[in-house]
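Participant: One structure, as structure tokens, below. Some questions next.
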Amino acid sequence: MQTQDITQPQHPLKAEARNLSFYYGAVKALKGINMPIHDKKVTALIGPSGCGKSTYLRSFNRMHDLYPGNRYEGEIRFFPDNTNLLSADVDPIEVRMRVGMVFQKPNPFPKSIFENVAYGLRVRGLSNKRLLDEKVEQALRSAALWDEVKDRLQALAPTLSGGQQQRLCIARALATDPELLLFDEPTSALDPIATGAIEELVHELKKRVTILIVTHNMQQAARVSDYTAYMYLGEMIEFGNTDEIFMKPNDRRTEDYITGRMG
Amino acid sequence: MHTMTPGQIRALIARGKMRDTLFQALGIICLAIGLMVIFLLVGDMLMRGVERLNIEFFTEFASRRAAQSGILSAWVGSLLVMLVTGAAAVPLGVAAGIYLEEYARRSWVTDIIEINITNLAAVPSIVYGLLALGIFVYTFGFGQSILSAGLTLALLILPIVIVSTREAIRSIPAMIREGSMAVGATRWQTCRYHIIPYAMPGILTGVIIGLARAIGETAPIITIGALTFIAFLPPVPFTATGMDGASAGLFDWVMSPFTVMPIQIFNWTSRPDPAFEVNAAAAGFVLMGMVLSMNALAIWLRYRMRKTIKW
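Taken in order, these protein sequences are the chains called A and B.
Per UniProt numbering, residue 1 is the first one in the first sequence, and the count goes up by one each step.
Per UniProt numbering, residue 1 is the first one in the second sequence, and the count goes up by one each step.
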């Protein structure tokens with residue numbers, strides 16, 4: 001594996017994968033990944049379909065724990081407290097309270113816009129109406145959706161357009177102030193205009209939250225990310241500054257993928 | 001390989017179309033036979049029983065004189081038994097369904113449980129009657145009461161409730177569950193805020209279909225010893241009962257003897273006096289009406305609740 005700046009990080013780390021492997025039953029889907037996640041930066045994961053980038057992403061909030069037969073090896077260290085997110089002693093719910101996620105297909109709950117955003121707060125036991133109102137507005141503003149929905153917070157979420165639904169899901173994740181936000185191909189179901197809005201949002205959000213984003217779209221990775229990792233067949237082939245990965249990749253396989261000769 | 005002439009192609013299509021028409025006709029005939037039998041049965045019952053279908057029929061107890069007999073104790077009994085059945089089968093069945101879908105890890109134990117739930121749905125109802133006679137009536141000492149009957153029928157429809165709960169839960173997309181868990185919800189929070197509300201239309205449909213089946217059951221109710229002739233109603237809560245004038249408790253009615261619609265009908269058809277056949281037909285029509293309106297309620301509830309749920 002080629003690394004360009006693990007030895008001298010320019011930014012403090014939010015998380016770090018250490019020799020992370022993952023198994024779906026007997027199938028080894030991730031093979032000993034080492035990778036830093038820099039604080040308040042956007043890190044993009046690229047690679048061909050089936051390379052394990054979503055599997056890797058879903059390890060950060062222990063989503064794999066929902067299904068039987070899955071197994072992790074290695075560690076994901078989470079800073080500043082240096083917790084191993086994958087440790088058997090760490091409850092996956094604790095992990096998900098600190099690490100938010102936005103999915104590939106917008107998945108709003110069939111409830112009101114307000115209830116969708118308030119859900120994470122309700123789960124945390126918050127029921128004070130004024131506080132909920134305030135937090136929901138804040139989250140919707142951060143997700144650049146407030147102006148579009150402020151007059152119909154009680155409308156059902158599935159009545160929104162696809163792009164609005166995805167921003168609602170971002171608001172839902174933001175409402176609980178996550179330290180790390182995972183995006184799993186968040187624009188693959190959206191049209192170019194809605195995609196642009198989400199990309200702009202990602203750019204805005206990195207001021208306050210660390211972002212890890214899986215994308216099948218290399219232009220998107222180049223546009224939104226500070227760091228990029230290229231994955232192939234469950235391995236991390238190359239990690240570095242996005243500019244360097246796209247301008248002068250060190251690994252032949254990365255170059256082939258970026259220039260469109262493969263994948 | 002030879003090319004077909006337009007004439008041959010047309011002949012081929014004509015043959016195919018003829019089979020289309022034949023099959024369509026066959027389907028319509030089969031459908032018509034099924035529907036006709038139902039309409040004939042219901043219509044026949046209505047015509048035979050229509051002369052007895054008046055207010056008194058619903059407000060009078062059964063009597064030795066056919067013309068003065070009514071179904072008061074039977075319809076009240078049926079409703080109360082259904083109340084107990086629903087109160088027992090719904091929480092048990094829904095909880096079991098949720099546990100199997102949301103909590104249980106798949107293993108050979110859950111596989112065996114799954115197969116047996118399906119088997120339970122196929123157990124003849126008389127067997128439930130025998131089981132209930134031994135357990136509820138004698139061992140638990142509930143006697144020949146509304147409680148015993150309600151619990152027996154609850155056992156009978158439990159598989160239906162469990163299966164429909166599971167199917168309703170399975171129709172909820174995995175991404176909804178993941179969306180809830182991803183913000184840090186526990187399994188129970190996910191069930192309470194999402195799984196149960198979204199599965200409710202399907203669960204309700206299953207419950208009502210189960211109750212519609214239970215309301216027509218005769219064999220297990222006879223087995224546990226429902227009375228065939230009864231001229232009093234179960235005690236209404238907080239009203240004076242009997243000669244001592246003591247007030248009935250909130251749940252005294254569950255221990256009361258009872259009869260139900262199918263037993264009343266069975267009783268009337270077995271009388272030698274043909275006048276009672278009119279009563280039986282009228283009561284049969286009322287029972288059909290009860291079942292059909294329960295099904296209609298299920299359809300309406302499902303329609304109403306699904307309007308607010310879409311993925």
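All C-beta atoms, glycine included, are put in the ideal place defined by N, C-alpha and C.
Please list, in chain order, the chain B residues whose beta carbon lies closer than 7 Å to that of Gly120(A).
Facilitator: Val183, Gly184, listed in chain order.
Participant: Within 10 Å of its beta-carbon, does His64(A) have 16 or more other beta-carbons around it, so buried, or fewer, so exposed?
Facilitator: Result: buried.
Participant: Helix, strand or coil for Val90(A), going by three-state DSSP, please let me know.
Facilitator: The answer is coil: DSSP assigns Val90(A) none of H, G, I, E or B.
Participant: Can you tell me whether Asp184(A) is helix, strand or coil according to DSSP?
Facilitator: Three-state result, Asp184(A): strand.
Participant: Rounded to a whole number of angstroms, what is the C-alpha to C-alpha distance between Leu180(A) and Ala96(B)?
Facilitator: Computed Cα separation, rounded: 37 Å.
Participant: Who are the Cβ neighbours of Thr187(A) in its own chain at under 8 Å, not counting the five residues just before and after it?
Facilitator: Same-chain partners within the cutoff: Gln166, Ala194, Thr195, Ile198, Glu199, Thr215, Asn217, Gln220.
Participant: Listed from N- to C-terminal order along the chain, which residues in the region 81–94 of chain A have their beta-carbon within a distance smaller than 9 Å of any beta-carbon of chain B?
Facilitator: Hits within the stretch, in order: Pro92, Ile93, Glu94.
Participant: Starting from Ile76(A), trace the beta strand (DSSP E) both ways and give me its first and last residue.
Facilitator: Where Ile76(A) is concerned, the enclosing beta strand (DSSP E) stretches over 70–78.
Participant: Please classify Phe136(B) as buried or exposed, where buried requires at least 16 other C-beta atoms within 10 Å of its C-beta.
Facilitator: Buried is the call here.
Participant: Find the residues of chain B that neighbour Met63(A), judging by a C-beta separation of less than 9 Å, and give them in chain order.
Facilitator: Near Met63(A) (Cβ distances below 9 Å), the residues of chain B are Glu178, Met181, Ala182.
Participant: Can you tell me which of Thr228(A), Pro249(A), Lys135(A) puts its alpha carbon nearest to the alpha carbon of Ala44(A)?
Facilitator: If we check each option's Cα against that of Ala44(A), Thr228(A) comes out closest.
Participant: Distance, Cα to Cα, Phe61(B) vs Val76(B)?
Facilitator: Straight-line Cα distance between these residues: approximately 11 Å.
Participant: Name the DSSP beta bridge partners of Ser112(A), please?
Facilitator: According to DSSP, Ser112(A) bridges with Leu156(A).
Participant: At 9 Å on the CB atoms, spell out the chain B contacts of Arg96(A), in chain order.
Facilitator: Those within 9 Å of Arg96(A) in chain B are Met181, Ala182, Val183, Gly184, Ala185.
Participant: In chain order, what residues of the same chain have a beta carbon less than 6 Å from the beta carbon of Leu131(A), not counting five sequence neighbours either side?
Facilitator: For Leu131(A), where only same-chain residues beyond five positions count, there are no Cβ hits under 6 Å.
Participant: Specify, as a first and last residue, the run of the beta strand (DSSP E) that Gly163(A) falls within.
Facilitator: Per DSSP, Gly163(A) belongs to no beta strand (DSSP E); it is in the alpha helix (DSSP H), 162–174.
Participant: Do three or more CB pairs link the region 151–169 of chain A to the region 99–118 of chain A at distances below 8 Å?
Facilitator: Enough Cβ pairs lie closer than 8 Å, so yes.
Participant: Please name the residues in the region 145–173 of chain A whose beta-carbon is closer than 8 Å to at least one beta-carbon of chain B, in chain order.
Facilitator: Taking 8 Å as the Cβ-Cβ cut-off against chain B, the residues of the region 145–173 of chain A that qualify are Leu156, Pro158, Cys169, Arg172, Ala173.
Participant: Using only the alpha-carbon positions, how far apart do Asn279(B) and Ile222(B) sit?
Facilitator: Taking the straight line joining both Cα atoms gives about 20 Å.
Participant: Taking the beta carbon of Ala88(A) as the centre, do at least 16 other beta carbons fall within 10 Å, making it buried, or is it exposed?
Facilitator: Exposed, by the Cβ-count rule.
Participant: Beta-carbon separation of Arg105(B) and Pro68(A) under 8 Å?
Facilitator: Cβ distance < 8 Å, so Arg105(B) and Pro68(A) count as in contact.
Participant: DSSP on Met247(A), reduced to helix/strand/coil?
Facilitator: Of the three classes helix, strand and coil, the one that applies to Met247(A) here is helix, per DSSP.
Participant: So, under 8 Å CB-CB, Thr165(B) and Ile115(B) are touching, yes? Tell me the CB distance rounded to an integer number of Å.
Facilitator: That pair is no contact at about 17 Å.
Participant: Taking the CB atoms as reference points, tell me whether Ser73(B) and Ile263(B) lie closer together than 8 Å.
Facilitator: Cβ atoms of Ser73(B) and Ile263(B): not closer than 8 Å.
Participant: Using the beta-carbon count (16 or more within 10 Å), is Trp253(B) buried or exposed?
Facilitator: Classification for Trp253(B): buried.
Participant: Just mark Cys30(B) as buried or exposed, buried being the case when its beta carbon has 16 or more other beta carbons within 10 Å.
Facilitator: So Cys30(B) ends up on the exposed side.
Participant: Around the Cβ of His38(A), are there at least 16 other Cβ atoms within 10 angstroms (buried) or fewer (exposed)?
Facilitator: His38(A) comes out buried.
Participant: Counting only C-beta atoms, is Val117(A) closer than 8 Å to chain B at any point?
Facilitator: Cβ-Cβ to chain B under 8 Å: no for Val117(A).
Participant: Chain B beta carbons: is any one of them nearer than 8 Å to that of Met218(A)?
Facilitator: No, its Cβ sits nowhere closer than 8 Å to a Cβ of chain B.
Participant: Decide if Ala157(A) is buried, meaning its Cβ has at least 16 other Cβ atoms within 10 Å, or exposed.
Facilitator: With 16 or more Cβ atoms within 10 Å of its Cβ, Ala157(A) is classed as buried.
Participant: I'd like to know whether the C-beta atoms of Phe238(B) and Val42(B) end up nearer to each other than 8 Å.
Facilitator: Their beta carbons are not under 8 Å apart, which means Phe238(B) does not touch Val42(B) by this criterion.
Participant: According to DSSP, is Asp179(A) helix, strand or coil?
Facilitator: The amino acid occupying residue 179(A) in the given sequence is Glu; Asp does not appear at that position. DSSP places Glu179(A) in coil when its eight states are reduced to three.
Participant: Would you identify the three-state DSSP class for Ile33(A), choosing helix, strand or coil?
Facilitator: Correct three-state label for Ile33(A): strand.
Participant: Just how far apart, CA to CA, sit Gly289(B) and Lys129(A)?
Facilitator: Those two C-alpha atoms are separated by around 47 Å.
Participant: Cα-Cα, which of Ala222(A), Gly25(A), Ser54(A) is closest to Leu233(A)?
Facilitator: Cα-wise, what sits closest to Leu233(A) is Ser54(A).
Participant: By DSSP, does Arg19(B) sit in helix, in strand, or in coil?
Facilitator: It is helical.
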